[in-house]
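Protein chains in written order, with the working numbering: chain A, 27 to 127; chain B, 83 to 764; chain C, 63 to 532; chain D, -19 to 463. Take a look at the structure set out below.
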């Protein structure tokens, strides 16, 4: 497997994530799609470390940071979702249209 | 006394202010006597000046100037501060006119004391009259044509006020507006002439202007344009064709006021200005010719109208116009002396005629001559004085009108036969319609017994002025014509350069060009009329016309006249409708209103839309577009941006659920990929 | 990890935040206002510390992932000032649940410290982390009114959009790393190439999210409307300013090294951001939403300074962001006062304010006029600086567009003024009842707006002194 | 001294803010005090104003924003000093007229005094940024003064006025910046600009000129940017109409002379042919539009368009007479039209209508009012002996040598002017008395008289003796054309 393959995969992952984020109607789904995008980045980082800069660790360090932060984000997101669910009994985005121009 | 000449216009101004603000309005107010007093002082000064000149004690022209204001100006690319003088310039004609104007005004005021008593605005009337006279005197004496123009316009104002004196009625209001607008139309010509003269000479001083012209520093073309402008002004003020429309309506004012307007001030001003700027005309033969012909045409048209009118004041008004035509024609023919001479004599007998007519109206309470007749038996004094006036205006020897009119005819004869003959005809028409007026009013039998029995002679305050004026109407001609005094009083200006004039002029170039001056004129030799005319006119023609009129109109019904009228019905109506000039004037007014309405429509519906609201509209459009991209579109529609956007908004809503996070993301993603491709593929 | 001490103010602030959280457990809910006081006091203290440190050159220097220069310090102070004012506003914001006072304060402080790190970060790693610190805390802050569905919804949208864009940014970072072999901005930029550039673009767009630049601005109105007003104020000021600080740093010191010219893109963004911000605001009927769009537009003006890109442009950005802080805080403070009084931030609640409490109305008017760039208020001086930088660098039509935009903006700013002065108040409407802290914030803001308008020289001098970038 | 004149009103405004709004008397007192101070100060300056020098006098210069070379630089010359006097005087008159304002007096005086400071500043500023700041300051108070105390369509009128004039001044700012960056001295100082201006390339000057002109033309207002004026005038309360006509419009013409002519000679010369055409359109077209009006106030508003045309024509003449005519016309128009608006306000207060056809025959009932109105109308239509004539005549005198035909057409425009004023007098005052107003038409109150009488006096005074205003400007005007 060459770097190109890894990058292709990660690009695909990223695009799938974007597509999902744009099309999923359920917030959980959107969150998962965004996770995919993060992980595409992680895959990139790891691959770069492995192929281009085997001497350094920055990529992996960064990946770890990303994973942590992503986790944190999911936490916050779910917390918000919970609050919303309490108020509106739904997790579907099209039900959120109080705020409009 | 002449060093006090500058007081002459100011005294009546002061008087009018005192009268106006002196006390509350009161029909029996004593204040008017102040005006009379002031005018008496003016008269005294004028007499002293005139007599001093005639008796050789005083040398004219007399000029004295003071600084008025200083003005930054640019002549020939050079900018500097130039001081505008104001002052008096009294040449012989001015001296004469000072006397005439102040005398007539004095008479009119005395007369008015009786005539206007217990009018609601008694006091205000006298204030106006004094101011009016002041303006005229100012024009007469001012050495600065700009000041002259100011007085000229102020006269327009006061005539406006006098004509519309009884503004509760509709007639006076229309008349005053008409008078002001028509004269204003002419004034714009004078206005432009002044601008042009200043542009060419850089001064408003009559003497300096005269020098510039005498030295031929002004191109003939410019002179012609300026002269025509001046002529326009004169046509407006002196009611020459076709701007004569306002004068007959001006009758709506109080009769003594009309006397003042017609005899001594307003209408005389036009002729006066032409005479003051006569050197411009001398440099512009074309304009001279125009003046002559316009004068002739006016004289004829007015006289023709006077033939058919039955309103005593209108007849007098038409006769005024006609006589002014004579004067302008004389000036145009080069008869400077004749024109001004007639101006003075005319002032006396026309004032007399109006005051007399006023006295008649005062006693019979109508203007319609068909309801008068035989009044000589009721008001002898008025009749006698009126007769003098009529004889004078008809040009019967030895009354004043004879001499002046004779001079005019001579001038016309010398200038152009084609002008002379119609002018002669007009003179005879004058004799006819004036006699007609006299006959209809005083002679024959009384047509309206009711009015006749209530008629009575007017009080002394009215008759005394009549007598005074009658005296002058009788004697003025003889006095002035006697041993060439006329030529001394009204010396014709020339374009020949006096050495001192050349010396006096500022620039050296002037003096240089003085040497080889193209247009030095020699006064043309006056030749007499052929004898058969010289003696035939006063001896045969004029009396003939008068007798004709007398016999046609002495009867109660004057069938002959009516017969003629019905025989020439179309002409009669043409004259009754005053040559349709009024209709033309009204059409012009209507046209202007139409244009105004159009202009405003354009302003409100095109200019405003395009240049002001256009901006707002543009903003709105951009706003709609940007809101479209922001998904706030529907709400924009709710905000009342317009129905169109609502439909679009609904359509949009069906495509993507707007106002929702995923739509936002989509826009973002699209933008990102666009930007990326854009930049990377560069 | 050398020179970590340079970041000590920021770290101290986060420490204080933790302290507040601890205090939260001790302080009884009845006395919870104490925590707010603690909050703004600690922010103010940090500010004081920072100011005191200015004189001492040891307070400046470069670390491995960060550099603390006068520039960073200037923005640090600006952000702290914003934090202080917003916390003051929070004191008088009724809708905040009393028992979460500690959390609220702590989150605000954390966000602030994150921003302070952000302005001095030179490494993508640090940038990413600090950005996330800010994002996470502000997600929560926006949704802080848990009972209020609007607040929830705004938070959710903000969160989803934020997560989305940060994911994009991270992907960009990964590409950058791949191309450069390091995440350090300045060192890494030496290796140009398509991958690096794609990475940079994605990163910049990630920044654009925080700075609310079109097309990453969509979350702004919703989040601003939903969030508690003090939070809205904070979001509209601090992150935006900090991100601009970062953007300027990147543009001045990184892109040239990467032989990478984004100017066309920036000009385009500036144009769209201004226009969309201003013209969409035309139709807003909620004061907070209207100001949200206005703040987008203001970001557009700041971008003009960025597009100019020269020294004057940098100074312009610094100066304008400082002035923007004053006028925006002032406007939002009044909105909070009026909105609380009327129970809604709908424009109609401003009707006849001039006759109810003239002081607030005038303060609002001054702030709005300043936002519209009408002299002699600070906003005009800022705009003058910005546009003169554009003119100087020959961006004629950009300056023209900006000025026309400010004319258009006057229209909707005056929609508020119109309601305050031209409309009659509701029957029996009393003067607005607002707490002293609001008035305090308003006073500070208005004084700034007027002072820097009539006497901008000190500010300009300060900006010039601290504009030097590596 | 100039600072005192300029800032006294602002100080007054701040003091007004401190007074509780119930205390109307005190508020008005402070207002009059402030305006009075600057009026007195400006009148005192007349004594020490040197009429023989063309340069700037009473100059004050302090550094303001050194980093931009912006200085607080004040000074007046023969061009601006008469306008300063006009401003202080008319503001005071307008304040007298404002005694009729009954509601929200505090805010009214606050905005009014700020407005006065702005107007004065425009005329005394010798630094472009300072100039622009003052220029803009006048806008905001105007918005509120029209919007709060105005007529039925006040909100629309106010915002239209504000946005439109603002969009104009934006281009002015651009032009100013362009001049700054092309000035080797890198300063906004006007005097420096005048020096630098000669060196700029014609092309550059033309572009900058257009920028400035757009801002100025809207204020003047020159066709086709004039349509905001009638609306603003009709909706504005009487004293504000007075200020608007008497002072604000003058700012445009002043700017045209001060900025365009003195700093961009080539650009000015380039635009001259267009300018004269615009002037003629203003005169004739303005008069025609006025003829078509039935609302007195709107008619007077359009007459302002017409009179500003005279100023433009005088300027376009490029002669000393024309320039002094333009300045004099500004003064006279300020006085006369101010009086006209006050008088229209008087009748509006009584009848609550301004429709010409609603009246008739008032002359006999309100002689004093009629007298003043007639005087003012005749002054406005340029009757010699009243001030209107002198300025107008000088404008024509100055324009004629260069623009013969255009001047001729404009002189004909005078007739239209006369026409609509006479019609107004006739419809309102003459003819039969309209019984509808029986008992509703008391003559002028002392306050109204107090506000109008001084203007009437000046109208006559400057008409027969224009020496005083002219002496103030002569030296400067000559110098303007020397360079």
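Virtual Cβ for every residue (Gly too), placed ideally from N, Cα, C.
Do we get a CB-CB distance below 9 Å when we pair residue i with the residues of chain D?
i: residue 151 of chain B; result: yes
i: residue 582 of chain B; result: Per-residue confidence for residue 582 of chain B stands at a pLDDT of 45, beneath the threshold of 50, marking its modelled position as unreliable; no derived number is given.
i: residue 273 of chain B; result: yes
i: residue 137 of chain C; result: no
i: residue 443 of chain C; result: yes
Would you tell me roughly how many angstroms separate the C-alpha atoms of residue i and residue j, rounded to the nearest one?
i: residue 483 of chain C; j: residue 137 of chain D; result: 15 Å
i: residue 361 of chain C; j: residue 332 of chain C; result: 8 Å
i: residue 107 of chain B; j: residue 180 of chain B; result: 31 Å
i: residue 84 of chain A; j: residue 63 of chain A; result: 20 Å
i: residue 371 of chain D; j: residue 438 of chain B; result: 45 Å
i: residue 540 of chain B; j: residue 283 of chain B; result: 54 Å
i: residue 217 of chain C; j: residue 380 of chain C; result: 29 Å
i: residue 603 of chain B; j: residue 575 of chain B; result: Residue placement at residue 603 of chain B is flagged as unreliable, the pLDDT there being 42, under the threshold of 50; a coordinate-derived value is accordingly withheld.
i: residue 276 of chain C; j: residue 710 of chain B; result: 14 Å
i: residue 597 of chain B; j: residue 83 of chain B; result: Reliability of the predicted coordinates at residue 597 of chain B is poor, the pLDDT of 44 falling under 50, and the value obtained from them is presented with this limitation in mind. Going by the C-alpha atoms only, they are around 38 Å apart.
i: residue 212 of chain D; j: residue 281 of chain D; result: 9 Å
i: residue 315 of chain C; j: residue 248 of chain C; result: 7 Å
What does DSSP give as the partner residues of residue i in its beta bridges?
i: residue 41 of chain D; result: D:53
i: residue 160 of chain B; result: B:157
i: residue 167 of chain B; result: B:149
i: residue 5 of chain A; result: Here chain A has residues from 27 to 127 only, and residue 5 of chain A is not among them.
i: residue 226 of chain B; result: B:287
i: residue 535 of chain B; result: The partner list for residue 535 of chain B (beta bridge, DSSP) is empty, contrary to what the question assumes.
i: residue 124 of chain C; result: C:129
Does any heavy atom of the ligand ZN sit closer than 8 Å to the C-beta of residue i?
i: residue 530 of chain B; result: For the ligand ZN, the structure offers nothing, since it holds no ligand at all.
Between residue i and chain C, is there a C-beta pair that is closer than 9 Å?
i: residue 464 of chain D; result: Only positions -19 to 463 of chain D appear in this structure, which leaves residue 464 of chain D out of reach.
i: residue 76 of chain A; result: no
i: residue 118 of chain A; result: no
Return no unless some Cβ of chain A is closer than 9 Å to the Cβ of residue i.
i: residue 671 of chain B; result: no
i: residue 758 of chain B; result: no
i: residue 302 of chain C; result: no
i: residue 751 of chain B; result: yes
Just the chain B side, please: which residues come within less than 8 Å of residue i by C-beta, in chain order?
i: residue 416 of chain D; result: Within chain B, no residue comes near residue 416 of chain D; the closest Cβ sits about 16 Å away, beyond 8 Å.
I want to verify the contact list: residues of chain B whose CB lies under 9 Å from the CB of residue i, in sequence order.
i: residue 221 of chain D; result: Under the 9 Å cutoff, chain B gives no residues; its nearest Cβ is about 19 Å from residue 221 of chain D.
What in chain B is Cβ-close to residue i, meaning under 7 Å?
i: residue 376 of chain D; result: 277
Taking CB distances under 9 Å as the criterion, tell me whether residue i reaches chain B.
i: residue 326 of chain C; result: yes
**Report entry** Runs of alpha helix (DSSP H) lying entirely within the region 370 to 444 of chain C, each at least 4 residues, in chain order
**Finding:** 373 to 404, 415 to 418, 420 to 434
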